[in-house]
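Colleague: Residue numbers (the numbering used here): 9 to 148.
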C-alpha cells in the first residue's frame, strides 16, 4: 500500500557546460519549502550522471535546468537513459531558456512540461503534485 505521507522526491540537475545555477537553486528551495525532498546534483552534470543519481535516489521527478541552448542534445539522451533503465514512471521536467519553437519537440521526446523564465513557482509545484503517480507496493 502506498504511503500517503511519502514526500515527492525531486532531483534538480544542471546538465552541460552551463555554469549558472541560481535559478536551479531557487527552484530547489521552493520545492523543498513546499514539502518535497530535493536532491541537487550541482553544475556540469552529464545525462549519465543525472540518470544514475535519479536511479540511486529513487526519485519521482527529474528537473533539468538548461540555459546553455544544449537542450536538443541533452534531453533526448536523458530520455534514452531513462527508458534503458526502465524509469518510465519518472516525471521529466525542463526549465530555463528554451525557445518556444523547441517546446513541442521536447514534449514529443518525453518531457512532461517545460517551464520558461517567469513561470510562477506555485504553477510548477502544482504541476508536480498533480502529475506524480502515487507510489505503491506491487501486490503478489
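A virtual CB, placed ideally from N, CA and C, is assigned to each residue, including glycine. Please read all numbers here as calculations on a predicted model, not as lab measurements.
Could you tell me how far apart the beta carbons of residue 16 and residue 136 are, in whole angstroms, since I believe they sit closer than 8 Å?
Modeller: Indeed, because the Cβ distance is near 6 Å, the residues count as touching under 8 Å.
Colleague: With a Cβ-Cβ cutoff of 8 Å, do residue 101 and residue 76 count as a contact?
Modeller: In this structure, residue 76 does not lie closer than 8 Å to residue 101 by Cβ.
Colleague: Can you tell me which of 138, 129, 112 puts its alpha carbon nearest to the alpha carbon of residue 33?
Modeller: Considering only alpha carbons, the answer is 129.
Colleague: Note the first and the last residue of the continuous alpha helix (DSSP H) segment covering residue 132.
Modeller: Counting along the chain, the alpha helix (DSSP H) containing residue 132 begins and ends at 129 to 139.
Colleague: So what does DSSP say about residue 55, is it helix, strand or coil?
Modeller: The answer is helix: DSSP assigns residue 55 an H, G or I state.
Colleague: Comparing alpha-carbon positions, which option in 59, 123, 133, 86 lies nearest residue 41?
Modeller: Closest option to residue 41, Cα to Cα, is 133.
Colleague: Going by beta carbon distance, what residues of the same chain come within less than 7 Å of residue 25, once the five residues before and after it are set aside?
Modeller: Contacts found: 52, 76.
Colleague: Kindly indicate which residue of 108, 109, 62, 139 has the alpha-carbon position closest to the one of residue 87.
Modeller: Selected option, being the one with the closest Cα: 62.
Colleague: Taking the beta carbon of residue 55 as the centre, do at least 16 other beta carbons fall within 10 Å, making it buried, or is it exposed?
Modeller: Label assigned to residue 55: buried.
Colleague: Among 82, 124, 39, which has the Cα closest to the Cα of residue 22?
Modeller: Comparing Cα positions, the closest option is 82.
Colleague: List the residues that DSSP assigns as beta-bridge partners of residue 39.
Modeller: According to DSSP, which records beta bridges pairwise, residue 39 is partnered with nothing at all.
Colleague: Leaving out five residues before and five after residue 131 in sequence, what residues of the same chain have Cβ atoms less than 8 Å from its Cβ?
Modeller: Answer for residue 131: 123, listed in chain order.
Colleague: From 38, 114, 60, pick the residue whose C-alpha is nearest to that of residue 149; which is it?
Modeller: Since the first residue shown for the chain is 9 and the last is 148, residue 149 is missing from the structure and cannot be characterised.
Colleague: Within the same chain, show all residues whose beta-carbon is closer than 8 Å to that of residue 99, passing over the 5 residues directly before and after it, in chain order.
Modeller: Excluding sequence neighbours, residue 99 sits near 68, 69, 70, 120, 136, 139, 140.
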